[in-house]
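Written below as structure tokens is the structure these notes are about.
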Amino acid sequence: MLVTKRGDGFRLVTQYEHGALAGELAERWGNDRFAAPPEPLASALTIAAAHHDDGWRELDDLPAYNPEAGRPAHFLELPLERTAPPYGRGVDSVYARDQLAGALVHAHWTGLYSGRWGLQSSAGPVRRPLAEEVVAKGEPRRQAVLREAWGFKGLRSEFEAHAWHAYEVLQALDVTSLALSLLDPVRPTDPAVEPAALTATLFQVEQQPGARILPSVPTAPLGEHLDLRLTIPEPGVAAFDPWPFAGDGFALVLPSRWLSEDGLGEEEARAAYRAAPVEPIRWELRPG
Numbered sequence: 268m269l270v271t272k273r274g275d276g277f278r279l280v281t282q283y284e285h286g287a288l289a290g291e292l293a294e295r296w297g298n299d300r301f302a303a304p305p306e307p308l309a310s311a312l313t314i315a316a317a318h319h320d321d322g323w324r325e326l327d328d329l330p331a332y333n334p335e336a337g338r339p340a341h342f343l344e345l346p347l348e349r350t351a352p353p354y355g356r357g358v359d360s361v362y363a364r365d366q367l368a369g370a371l372v373h374a375h376w377t378g379l380y381s382g383r384w385g386l387q388s389s390a391g392p393v394r395r396p397l398a399e400e401v402v403a404k405g406e407p408r409r410q411a412v413l414r415e416a417w418g419f420k421g422l423r424s425e426f427e428a429h430a431w432h433a434y435e436v437l438q439a440l441d442v443t444s445l446a447l448s449l450l451d452p453v454r455p456t457d458p459a460v461e462p463a464a465l466t467a468t469l470f471q472v473e474q475q476p477g478a479r480i481l482p483s484v485p486t487a488p489l490g491e492h493l494d495l496r497l498t499i500p501e502p503g504v505a506a507f508d509p510w511p512f513a514g515d516g517f518a519l520v521l522p523s524r525w526l527s528e529d530g531l532g533e534e535e536a537r538a539a540y541r542a543a544p545v546e547p548i549r550w551e552l553r554p555g
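According to the working numbering, the residues represented by the sequence shown are 268 to 555, in order.
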């Protein structure tokens, strides 16, 4: 669950709705400056983006509870021991949909404990036994699927470069969808506030003001990586500089729920969440 404090309450977005939004973004990814992966990786990327966080459904459907805050838990408030088993089952479900999409989602999962496979230059492997186990068990399976998908057609190095590019685009789609899930669309960006890296704000239930930097977005296989700047120039508008999508702009709707209080008991919090009506978060995405 993505939980943000807004005014006198909390805005809640499930991980699977965040994933569905990432899938919509994947369908629009690419232009003259930002390459889209070729088939079959393009189709696999769309599936992977839409379902990369399906493993959270088990926890979000409860929803998981933060006893100290007395509300549903923000996703980074839950320990790895709680999240790894359902996330692994979610990865399995993506493999069942599409093997290549499963390999991309598996790279996403193992990359969380491996410095995002180099995209986070300051972060090395997570030295925790369970994280190391996730990587050790996941990598052979992922590599076997990629080897089969290559099928001895063309250069293995070229296929691998495109596969890694698709993984890196998946990371860009993930952070973009996270930003659109966590930021308040009615609160324009304060230009006086220093922009913050999106990855540095993920732990914050009360989001700081200012623009967001979406780091290390790939332009092409083995190509340049650029930081994207996301601002809200006016209510409901998300502006991106540079613009990584096709066309001149498009609208998105993200389902969410509103919780008006915290300090609740576990069953009270769950009942309040289930009783909350689904409300749309509306965004207009434009070049910025």
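Glycine residues also receive a C-beta, built at the ideal position from the N, C-alpha and C atoms.
| Item | Value |
| --- | --- |
| Buried versus exposed call for ARG349 [16 or more other C-beta atoms within 10 Å across all chains shown] | exposed |
| As assigned by DSSP and simplified to three states, the class of SER424 | helix |
| Integer-rounded CB distance, given that SER527 should sit under 8 Å from GLU546 | Not confirmed; about 12 Å, so no contact. |
| Chain-order list of residues whose beta-carbon lies under 6 Å from that of GLY391 (same chain, five-residue window excluded) | GLY382 |
| Assigned secondary structure, ASP522 (DSSP; H/G/I helix, E/B strand, else coil) | Residue 522 is actually Pro in this sequence, not Asp. PRO522 falls in the strand class under three-state DSSP. |
| Contact check, ASP320 vs GLY286, beta carbons under 8 Å | yes |
| Own chain residues within Cβ distance below 6 Å of PRO554, not counting five before or after | TRP510 |
| Under 8 Å between C-beta atoms of LEU465 and ARG454 | no |
| DSSP state of GLY378 mapped onto helix, strand, coil | helix |
| Residue closest to GLU284, alpha-carbon to alpha-carbon, out of GLY276, GLY516, SER444 and PRO502 | SER444 |
| Helix, strand or coil at TRP510 according to DSSP, with G and I counted as helix | coil |
| ALA311 beta carbon less than 8 Å from that of ASP365 | yes |
| ILE314, enclosing alpha helix (DSSP H) - first and last residue | 308-318 |
| Pair within 8 Å by beta-carbon distance, VAL393 and TYR380 | yes |
| LEU308 vs LEU347 beta-carbon contact at 8 Å | no |
| Proximity test, Cβ basis, 8 Å: ALA464 and chain B | As a matter of chain content, chain B is missing from the structure shown, which is built from one protein chain. |
| SER360 - containing alpha helix (DSSP H), residue span | 347-364 |
| Limits of the beta strand (DSSP E) - the one that TRP550 falls within | 545-554 |
| Those runs of the beta strand (DSSP E) which lie wholly inside the region 438-504 and span at least 3 residues | 479-485 and 492-498 |
| Other residues of its chain near ALA539: CB distance less than 7 Å, five sequence neighbours each side excluded | LEU526 and LEU531 |
| Local conformation of PHE342 per DSSP, three classes | helix |
| Span separating the alpha-carbon of LEU521 from that of ILE548 | 5 Å |
| GLY490 burial status per 10 Å Cβ neighbour count (16 or more: buried) | exposed |
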